[in-house]
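Numbering-wise (the numbering used here), the sequence shown opens with residue 472 and increments by one.
Even for Gly, the Cβ is constructed at its ideal location relative to N, Cα and C.
What follows is one structure encoded as C-alpha cells, with my remarks underneath.
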Amino acid sequence: MKTDIEIAQQATIVPIKDIAAKMALTEADFDYYGKYKAKLTYDKIESLQQEPDGKIILVTAINPTAAGEGKSTVTVGLGDALNRLGKKTMIALREPSLGPTMGIKGGATGGGYAQALPMEDINLHFTGDLHAITTANNALAALLDNHLQQGNELHIDQRRVVWKRAVDLNDRALRQVVIGLGGPFQGVPRQDGFDITVASEVMAVLCLATDLQDLKKRLSRMVIAYNVEKKPVTVGDLGVEGALTLLLKDALRPNLVQTLEQTPALVHGGPFANIAHGCNSIMATKTAAKLADYVVTEAGFGADLGAEKFLNIKARSGNLKPAAVVIVATIRALKMHGGVGKDELNQENIQALENGLANIKKHVETIEAFGLPYVVGINRFTADTEAEIAALQKWCETHDIPVALTEVWEKGGEGGLDLAEKVLQVIEEKENQFHYLYDDADTIDEKIRTIVEKVYGGASVEFSSQAEKQLQQFHALGWGSLPVCMAKTQYSLSDDPKRLGRPEGFTIHVRELKPKLGAGFIVALTGDVMTMPGLPKVPAANKMDVDEHGNAVGLF
472 MKTDIEIAQQ ATIVPIKDIA AKMALTEADF DYYGKYKAKL TYDKIESLQQ EPDGKIILVT
532 AINPTAAGEG KSTVTVGLGD ALNRLGKKTM IALREPSLGP TMGIKGGATG GGYAQALPME
592 DINLHFTGDL HAITTANNAL AALLDNHLQQ GNELHIDQRR VVWKRAVDLN DRALRQVVIG
652 LGGPFQGVPR QDGFDITVAS EVMAVLCLAT DLQDLKKRLS RMVIAYNVEK KPVTVGDLGV
712 EGALTLLLKD ALRPNLVQTL EQTPALVHGG PFANIAHGCN SIMATKTAAK LADYVVTEAG
772 FGADLGAEKF LNIKARSGNL KPAAVVIVAT IRALKMHGGV GKDELNQENI QALENGLANI
832 KKHVETIEAF GLPYVVGINR FTADTEAEIA ALQKWCETHD IPVALTEVWE KGGEGGLDLA
892 EKVLQVIEEK ENQFHYLYDD ADTIDEKIRT IVEKVYGGAS VEFSSQAEKQ LQQFHALGWG
952 SLPVCMAKTQ YSLSDDPKRL GRPEGFTIHV RELKPKLGAG FIVALTGDVM TMPGLPKVPA
1012 ANKMDVDEHG NAVGLF
C-alpha cells in the first residue's frame, strides 16, 4: 500500500497558472512562488468584493482520537467530488504547523488520493507565512524588551508583561524561561516563555483581518503588558504596529495551490483549535466564496472546538453564513470512544461502536443548536467491516440523521460523490436557521457557561481565583462584549482528555483568561491545556529524511 507522500510524489501536478485559469484568474492576479504555488494580489481580492458569495460548507468532526479521523482528507475529497458533479468548487484549508508535523501527525494536507499539493512544500516551509508570523511575534517581543531597557517611558510593570515569544515547534523546554541575564547591558531580567506560533495572537489577527488596514488596526490593539497602575499597554502605545504590518504584508495574501485532482485550493493561516480559534483566514474563505459557487473549508478538531469557534467567532467577525456542515466520523474513533484500546481497533466490535455513538450524537446536537443543515460523513478505513458500517448507518437513519459513506482516501473524488450529493440535498431541502449561541451583550462568564452547557454538555463551570479577578477586571475595562475562545483538550467533551464518549455531569475548570483584543476575543484556558505543546516519546521527525534527489521521505 502506498503512503500518502508516495501518492503525492507520483501524482500529476500542473502549473499553478492552469489552476488559476479555472477560476478566471490571469497572471496579473497572482504572484508565483515557484511553479506550483502562488499568492493572490490585493488588487484582485479587492476587485472581487462586489461579486456574489458562493455557498460555504464547513467540515468538522467528532472528538479526535489517536486513531485519526481524516477531516482534512474528507474536506479535500468532498471538494473534488463536487467538482466531479459539475459544481464550481474551491477548497479553503489551514496551513500545517511544523509542531504536529514533526511531532505526531507527520503532515496535514489530507491523505491517500484526497490531498493538497505540493504536499511536501505545504507541510514544511510553504510560502513562509508561519515564519513571517513568528518573526512579527518575536520582533514585538524584542521591541518591548528594548523599551524596558531604554527607560520604560510607558511605565510598564515588568512583572506584568503578557506578550510571549513564539516558535513553530513543539518545545516544552521553552514554556518557562528567564531572559535578560548577564548584567545591565543584556536587558532587564524577567520571567518569560514561548507559545507555539499557531497559538500566537499574531496568527489569530492575520486569520481574522479583512485587509492590510484592518490588519494594522488589529495589531495595534493587542495587549502586551500592564503598567504600574495595572492598565493595559498595547502595541499602539508602543508605536510599532506599522513595522509588524510590514513584516506581514505578504503573509496576509492567500496561497493558491491544487488538489491531486486539480481542484483549486486556498491554503492560508493555521491557528490550532484546542488553544486558538482553529480556522483558516477570513480572507481565504471569503475570496474563495467570491471565486467559486461552493467552498469546502474545515475547522480544527471536533465540533466542540473548531466548529464552535468558526460559528461563534469567525462567522461573527467575517459576516459568514455556512450553508451546511459535514460531521466526520470514523468507526475506529467511535470504538475508542466506546472503550476499545487502539491496539484492538482492527477487530470487529459492534458493541463498542454502539457505546461510542453518544459522542457523535452530542456533536450532531451542537450543529442543530446553531440551526444548520448537516450530514454525517463516515470516513471509511480499510479495517472497517461491513457490519460495523451498516450499524452506524442504521443508527443515523433511526435518528433521522443524514449520512453518507466516504471513501475519498482510497478513491479520491469518486469516493466522495455520495457525500457531495447528500450535502447538496440538505442545502436545497433543509431549512437554514443559522444563529450564534450567545449574544455580544452576554457577560464573559455567561458566554463560557453557554458553551459548556450547550456545546460540551457539561453541568457547571468553576473559575479559579485568578480567573474570577480577571472577569471583574475585563468587564471593568470594557472587554465584556467580546466572544470567547475556549482553550480545551481536543480529546474529550470535558477538560479531562481521558473522559471519552459523552461524559455527563462534569465541571469545566477555567484557570486563566487572556485578552486578545487584536483578534477580538477572550481566551479561556481550561484544564491542563498548554499553549506550547511537547513532543511525543518517538516524534514523527525520527522517520523523516531526504533522498539523494532532494525528495522528502517520511511525511506520512
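C-alpha gap between residue i and residue j, whole angstroms
| i | j | result |
| --- | --- | --- |
| G583 | E933 | 43 Å |
| M1001 | A995 | 12 Å |
| N594 | V894 | 29 Å |
| G928 | D775 | 10 Å |
| L942 | R982 | 11 Å |
| V1022 | K901 | Inspection of the sequence shows that residue 1022 is occupied by Asn rather than by Val. Near 47 Å, if we compare the C-alpha coordinates of K901 and N1022. |
| K506 | R565 | 21 Å |
| P742 | H748 | 6 Å |
| P467 | V767 | Residue 467 is absent from the structure shown; the chain starts at 472 and stops at 1027. |
| L727 | A587 | 10 Å |
| K542 | V648 | 36 Å |
| A823 | V797 | 23 Å |
| V673 | G581 | 26 Å |
| K833 | A607 | 39 Å |
| Y765 | L556 | 12 Å |
| V926 | T837 | 5 Å |
| T464 | I484 | The structure shown does not extend to residue 464, since the chain is modelled only from 472 to 1027, so the question has no answer here. |
| D682 | G771 | 24 Å |
Range covered by the beta strand (DSSP E) that runs through residue i
| i | result |
| --- | --- |
| C956 | 955–958 |
| G848 | 845–850 |
| E983 | 978–987 |
| T768 | 765–769 |
| V694 | 694–698 |
| V1009 | Run containing V1009: none; DSSP gives neither H nor E here. |
| D489 | Unbroken run through D489 is the alpha helix (DSSP H), 487–493; no beta strand (DSSP E). |
| Y503 | 501–503 |
| A637 | 636–638 |
C-beta contact flag for residue i and residue j at 8 Å
| i | j | result |
| --- | --- | --- |
| A1011 | M472 | no |
| F665 | D639 | no |
| T668 | I527 | no |
| L828 | L805 | yes |
| T921 | F852 | no |
| L677 | I604 | yes |
| L1025 | D1016 | Note that residue 1025 is Gly in the sequence shown, not Leu. It is a contact, given that the beta carbons lie within the stated cut-off. |
| K510 | R787 | no |
| R803 | L988 | no |
| P873 | L529 | no |
| M1003 | R646 | yes |
| A479 | M590 | yes |
| L964 | M807 | no |
| C956 | I784 | yes |
| G773 | P535 | yes |
| L731 | A482 | yes |
| T531 | G789 | no |
| P703 | L984 | no |
| P459 | F992 | Outside the modelled stretch of the chain, which goes from 472 to 1027, sits residue 459, for which no answer is possible. |
Residue nearest to residue i in terms of C-alpha spacing, selected from the options
| i | options | result |
| --- | --- | --- |
| G700 | R631, R803, R689, I746 | Reading off the sequence shown, one finds Glu at residue 700, where the question assumed Gly. Closest option to E700, Cα to Cα, is R631. |
| D514 | K508, E917, F501, D524 | F501 |
| N617 | A644, I650, K761, L645 | I650 |
| T474 | A585, V545, I533 | A585 |
| L679 | G653, H739, Q662 | H739 |
| A499 | D592, Q481, L683, S518 | S518 |
| P523 | K985, I993, A759, K813 | A759 |
| G658 | G622, A644, Q684, A938 | G622 |
| A930 | S936, I919, G809, E939 | I919 |
Host alpha helix (DSSP H) of residue i (start-end)
| i | result |
| --- | --- |
| S936 | 936–947 |
| I821 | 821–840 |
| I478 | 475–481 |
Below-8 Å beta-carbon distance, residue i vs any chain C residue
| i | result |
| --- | --- |
| N830 | Reference to chain C is not applicable here, since this structure consists of a single protein chain. |
For the segment 909–916 and the segment 608–620, state whether three or more C-beta atom pairs, one from each stretch, are separated by less than 8 Å.
-> no
Kindly confirm or deny that the segment 733–746 and the segment 480–500 touch, where touching means at least three C-beta pairs closer than 8 Å.
-> yes
Three or more C-beta pairs closer than 8 Å, one from the segment 1007–1025 and one from the segment 960–980: is that the case here?
-> Counting Cβ pairs under 8 Å, fewer than three are found: no touch.
Should the segment 880–888 be called in touch with the segment 551–559, which here means at least 3 C-beta pairs below 8 Å?
-> yes
Cβ contact (3+ pairs, closer than 8 Å) linking the segment 808–826 and the segment 539–547 | no
The segment 705–722 contacting the segment 855–868, beta-carbon criterion three pairs below 8 Å = no
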